[in-house]
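So in our numbering, the last spot in the sequence shown is 314, and the numbers never skip.
Data block below; observations after.
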Amino acid sequence: MTARGESWVRTSAPTRGAPSADGLCYAQAAWVDPQTLTGDSVNALARAVLEWFLDDCRDERFTGEWPLQVYTEKTVEGLGQRARAVERQFRQELAKRLARVERLARPQPAAPRGLARGLFLFLPDFRTAQTSREAVLGGQRRMADDPGAPSRSYLKVEEAYGVLGREPAAGETVVDLGAAPGGWSYSAAKRGARVLALDNGPLKGAAKGHPLIQHELVDGFQFAPATGKTYDWFFCDIVDDPDKVLGLLERWVERRWCRRFIVNLKFGRSDPVPRLARATGAGHPLPAACAALWARHLFHDREEFTLVGELRA
2 MTARGESWVR TSAPTRGAPS ADGLCYAQAA WVDPQTLTGD SVNALARAVL
52 EWFLDDCRDE RFTGEWPLQV YTEKTVEGLG QRARAVERQF RQELAKRLAR
102 VERLARPQPA APRGLARGLF LFLPDFRTAQ TSREAVLGGQ RRMADDPGAP
152 SRSYLKVEEA YGVLGREPAA GETVVDLGAA PGGWSYSAAK RGARVLALDN
202 GPLKGAAKGH PLIQHELVDG FQFAPATGKT YDWFFCDIVD DPDKVLGLLE
252 RWVERRWCRR FIVNLKFGRS DPVPRLARAT GAGHPLPAAC AALWARHLFH
302 DREEFTLVGE LRA
């Protein structure tokens, strides 16, 4: 690490192709080869970004939409307004030079995770812009709410699908431990999956009485599938000791009771790093058993992180 602020870290470690870039849990984006530009005014800073961008893309063809994302140091009062003004001025000037390229700019990339190429700006203060053409995106994405969803936790599982790159499908089976009030169960059932929702608490909203959701008053920690039964999806959003929940996931994976999983671990004020190391480190059961495994602090997570994975065939 060579420098840091409240919401960013700069490191000399390589980013392109590095396993650590795609494996970062908390990073919204890891920028490749960032450059530092300065300007004493909105116009000066926007002009510096424009000239740098035009020079970097002079031999590039823009054949589709590309991400234009602007971030700021959140603790600096008024910096967000400054950033929006810089972005607006940059786009106005770019439209005069390359109108078609400017029209293709979008605040969100087509894919929420992985390497993206476009223009990424970060303003740590009023006269500086860190810029990059490429970033490894962590998958964090704000999701649209559903009036039928019985809880805010619905948004977490909706966002987690984008990390894995797939979602429950019609005819697939889902077991949801700690299901109440039913946000995750409802998310799967509305896609046509058959859900076994396990919780001693009641389901609410559109999850209550849903024809594809079977609700049983069972402690998720005590449940075991019938012999030979394998669920397509294992959901778990239990509010309990994260080590206990992680042990539960490891048991399901080791016994191959599921093919894919989305599990939320609440760390509260405790240090999450030991749990991350246990969940993703070499020699631990989850990485050994999984063809794909990610630990992410999602946009809709609070003091928690979400494990998303798919077992090897």
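Idealized CB from N, CA, C, for every residue including glycine.
In the structure shown, what three-state DSSP assignment does residue i receive?
i	result
D233	strand
V1	This structure cannot speak to residue 1, because the chain is shown only from 2 to 314.
E304	coil
R104	helix
V176	strand
G18	The pLDDT assigned to G18 is 47, lower than 50, so where the model puts this residue is not dependable, and the model offers no usable value.
L299	coil
G282	coil
A181	coil
F262	strand
A4	strand
R89	helix
R98	helix
R83	helix
S152	coil
Looking only at DSSP bridge pairs, what is residue i linked to?
i	result
L69	L120
C291	L312
K267	E305
T37	Q131
I214	V196
D126	T129
V274	Paired residues: none, contrary to the question.
R252	Partner(s): none; R252 has no beta bridge.
L138	A30 and G115
Relative to the alpha-carbon of residue i, which residue among the options has its alpha-carbon at the smallest distance?
i	options	result
Y155	P35, E305 and P182	P182
A296	A208, A47, D34 and T281	T281
W32	F268, F121, D60 and A4	F121
V176	G65, T231, D57 and R128	T231
W234	L51, L213, D242 and A170	A170
R195	F300, L116 and I214	I214
S133	S188, E304 and C58	C58
V309	D238, A283 and P275	D238
I263	G179, F54, A136 and G65	G179
R62	L165, A198, G149 and G119	G119
S152	E217, K209 and F222	K209
A290	S271, V254, L266 and Q223	V254
E304	K267, R279 and L277	K267
R261	V77, T174, P226 and A207	T174
W9	T76, V219 and N44	T76
A4	A45, Q131 and A278	Q131
P68	L138, T37, R257 and L249	L138
By Cβ distance, which residues of its chain are closer than 6 Å to residue i, with the 5 residues on each side in sequence left out?
i	result
A47	V87, Q90 and F91
T73	L80, G81, A84 and L124
G6	E74 and P125
E103	R92, L95 and A96
Kindly list the residues whose CB is nearer than 7 Å to the CB of residue i, restricted to its own chain and excluding five residues on each side of it in sequence; keep chain order.
i	result
Y27	H298
E168	Y162 and R192
M144	L156, E159, E160 and H301
H211	Y187 and A190
A136	A30, A31, W32, V33, A117 and F121
F54	L120
Could you spell out the range, first to last residue, of the beta strand (DSSP E) harbouring residue i?
i	result
A31	A30 to V33
V196	R195 to L199
What residue range is occupied by the uninterrupted alpha helix (DSSP H) comprising residue i?
i	result
R219	Note that residue 219 corresponds to Val in the displayed sequence, not to Arg. Neither: V219 is in no alpha helix (DSSP H) and is coded neither H nor E.
Y27	Careful: Y27 lies outside any alpha helix (DSSP H) and carries neither H nor E.
D242	Unbroken run through D242: none, as it is neither H nor E.
D57	V43 to D57
E159	Y155 to L165
A227	From DSSP, A227 is part of no alpha helix (DSSP H); its letter is neither H nor E.
W185	G184 to A190
Got a sec? Which residues, its chain only, sit under 8 Å from residue i by beta carbon, not counting five neighbours each side?
i	result
E251	P286 and L287
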